[in-house]
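**Q**
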Amino acid sequence: MTTSTRTMPPRVVRTQHQDIDEKPFIVIWEVTRACQLVCKHCRADAQTRADPRQLSTEQGKALLDDIAQWDTPRPLVVLTGGDPFERADLAELVAHGSAAGLSVALSPSVTPKFTADRLAGLHAAGAKAVSLSLDGARPATHDAFRGFEGTYAATREAATMVREQGMRLQVNTTVTRDNVGELPQLLADALEMGVGLWSVFFLVPTGRGQQLQALEADEVEDVLHWLADVSSLVAIKTTEAPQYRRVVIQRARARAEGTAMPATGALHERLVADTVSVLGHPIVATRVPRPPIDVNAGRGFVFIDHTGDVYPSGFLPFNCGSVKEAGLRAIYRDSPTLQALRRPEQFGGACGVCEFREVCGGSRSRAFAVAGDLLGSDPSCVWQPAAAAPASASSHGSGVPSRTAGRR
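Taken in order, the sequence shown gives residues 1 to 408; the numbers are from UniProt numbering.
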């Protein structure tokens with residue numbers, strides 16, 4: 001492990017130009033839990049039929065109206081699931097949100113309901129972007145993730161549909177021990193598909209994801225350095241690995257000072273070598289890397305489940321209130337849990353004393369999933385702050401319990 005001896009360097013990440021205590025940067029709304037796939041890593045443990053408690057069309061419109069009451073720039077709204085294409089009123093919801101001045105994106109599953117005509121209708125209604133999941137460079141790998149043969153081919157076809165509509169395309173990839181070796185080819189696929197953003201998700205052991213093998217902390221570090229390497233080829237976003245922002249800062253500081261890059265391990269070396277082999281040339285910058293943005297669970301980010309309950313993220317079972325009873329704006333501002341997540345100086349363990357806590361803060365979802373402590377240290381991070389950690393990782397003084405009952 002590496003130990004820090006420096007103070008915080010100049011930031012090379014994008015900071016939110018808004019008061020994150022008052023307004024999130026992004027709102028994820030799980031419009032339904034229904035989905036025809038049985039993905040191995042699904043946090044939602046999705047079901048084949050819609051829950052009768054899910055927000056109705058009118059309740060959904062009221063939610064979108066509430067989000068639109070925030071001043072500009074308003075939060076980005078992502079409609080996800082389950083599979084949002086399971087909702088017959090999806091285009092109506094998209095049109096309503098767009099008319100209210102919201103930027104609306106879609107995160108659907110690729111099933112027979114994903115058609116060119118349906119996509120065209122959603123684009124006409126105002127949807128600006130689509131994110132598709134691609135979890136393997138080989139059909140066998142991706143199809144095993146998704147639980148159905150043929151989903152790899154269908155996903156590649158869906159990506160073509162998105163591009164033909166002129167919509168922005170994001171590809172989401174979940175990294176596990178089983179598919180980490182396919183990342184270089186997935187990079188090449190992303191470049192071929194013309195993706196605007198590659199979102200790499202580091203597995204959190206919740207829901208069906210408990211069946212999969214996550215990377216060890218040193219392996220996570222190696223993958224993050226590789227992602228920083230290839231960020232000059234494609235825009236990169238990490239999910240549940242906010243320490244990517246720390247890696248970007250450390251590498252930028254090393255370049256600026258002419259010092260050695262942070263040490264990496266065998267996995268990083270293998271990924272770089274395989275990338276050169278797949279691309280047929282060294283990794284040469286073709287674009288200015290997109291700086292990551294300092295968003296974390298409850299801190300610029302909020303999740304609304306299909307019934308209208310509000311959570312810091314889809315991986316944290318801390319119910320902060322219901323939009324059926326109170327407005328999202330009030331919940332985001334006033335929830336004690338969300339307030340605590342916006343105070344990284346109150347975190348326990350290494351995360352609470354880390355000099356990168358304001359731009360990172362660690363994965364709150366992984367801290368809770370592994371140790372049952374929402375405000376504890378992220379076990380996937382190898383960085384050791386110079387400051388001594390508190391004696392008790394759970395002595396936050398925040399009033400947020402270390403464990404809660406599971407989500408409904």
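All C-beta atoms, glycine included, are put in the ideal place defined by N, C-alpha and C.
1) Could you tell me the boundaries of the alpha helix (DSSP H) in which F145 lies?
2) Would you grab the beta carbon distance between V171 and D229 for me? Rounded to a whole angstrom, and I think it's under 8 Å.
3) What residues in its chain sit with their C-beta under 8 Å from that of A95, if we drop five residues either side in the sequence?
4) Mind checking whether Q54 and T32 have CB atoms under 8 Å apart?
5) Quick one: is Q384 buried, meaning 16 or more other Cβ sit within 10 Å of its Cβ, or exposed?
6) Report, in whole angstroms, the separation of the C-beta atoms of A188 and L106, which I expect to be a contact under 8 Å.
7) What are the start and end residues of the beta strand (DSSP E) that includes T239?
8) Measure the alpha-carbon distance for G298 versus P84 and round it to whole angstroms.
9) Please return the same chain residues whose Cβ sits closer than 6 Å to the Cβ of G406, not counting the five positions on each side in sequence.
10) I need the DSSP call for F301, collapsed to helix, strand or coil.
11) How many whole angstroms separate the CB atoms of R357 and P344, which I take to be in contact at a CB cut-off of 8 Å?
12) Mind listing, in chain order, the continuous beta strand (DSSP E) runs of no fewer than 3 residues lying wholly within the segment 161-188?
13) Given A254, which residues of its chain have a CB within under 8 Å of its CB, disregarding the five upstream and five downstream residues?
14) From the DSSP output, in three-state form, read off I28 for me.
15) So, helix, strand or coil for D243, using DSSP?
16) Give me the DSSP bridge partner(s) of S199.
17) Using a Cβ-Cβ distance under 8 Å, would L316 count as near chain C?
18) Mind checking which residues open and close the alpha helix (DSSP H) that includes L64?
**A** Reading off the structure:
1) For the purposes of this step, residue 145 is identified with residue 145 of the sequence shown, where counting begins at 1. Start and end: P139 to R146.
2) Numbered from 1 along the sequence shown, position 171 holds the residue referred to as residue 171. Numbered from 1 along the sequence shown, position 229 holds the residue referred to as residue 229. Their Cβ separation, rounded to whole angstroms, is 18 Å, which puts V171 and D229 out of contact at 8 Å.
3) Translated into the one-based positions of the sequence shown, residue 95 becomes position 95. Counting only Cβ-Cβ distances below 8 Å, and skipping sequence neighbours, we find A125 and G126.
4) Here the question's residue 54 lines up with position 54 in the sequence shown. Here the question's residue 32 lines up with position 32 in the sequence shown. Yes, they are a contact pair.
5) Counting from 1 along the sequence shown, the entry for residue 384 is found at position 384. The residue in question, Q384, is exposed, as its Cβ has fewer than 16 Cβ neighbours within 10 Å.
6) On the sequence shown, residue 188 is found 188 positions in, with the first residue counted as 1. On the sequence shown, residue 106 is found 106 positions in, with the first residue counted as 1. The pair is not a contact, with the Cβ atoms about 25 Å apart (cut-off 8 Å).
7) On the sequence shown, residue 239 is found 239 positions in, with the first residue counted as 1. Residues I236 to T239.
8) For the purposes of this step, residue 298 is identified with residue 298 of the sequence shown, where counting begins at 1. For the purposes of this step, residue 84 is identified with residue 84 of the sequence shown, where counting begins at 1. Between G298 and P84, the C-alpha separation is close to 23 Å.
9) For the purposes of this step, residue 406 is taken as the residue at position 406 of the sequence shown. Unreliable positioning characterises G406 in this predicted model, as indicated by a pLDDT of 33, which lies under 50. The coordinate reading is nonetheless provided below. Cβ within range, chain order: P317.
10) Taking the first residue of the sequence shown as position 1, residue 301 is located at position 301. Note: F301 maps to strand in three-state DSSP.
11) Your numbering for residue 357 matches position 357 in the sequence shown. Your numbering for residue 344 matches position 344 in the sequence shown. With a Cβ gap of about 4 Å, R357 and P344 count as contacting.
12) DSSP assignment within the segment 161-188 yields the following whole beta strand (DSSP E) runs of 3 residues or more, N-terminal first: 168-175.
13) Numbered from 1 along the sequence shown, position 254 holds the residue referred to as residue 254. Around A254: A260, M261 and P262.
14) In the sequence shown, the residue the question calls residue 28 occupies position 28. If DSSP states are grouped into helix, strand and coil, I28 belongs with the strands.
15) Taking the first residue of the sequence shown as position 1, residue 243 is located at position 243. The question names Asp, but residue 243 in the sequence shown is Gln. DSSP places Q243 in helix when its eight states are reduced to three.
16) Residue mapping note: residue 199 aligns to position 199 of the sequence shown, counting from 1. In DSSP, S199 forms a bridge with N172 and K237.
17) Of the chains in the structure shown, none is chain C; there is only one protein chain.
18) Reading the sequence shown from its first residue, position 64 is the one you call residue 64. Per DSSP, L64 belongs to the alpha helix (DSSP H) from T57 to A68.
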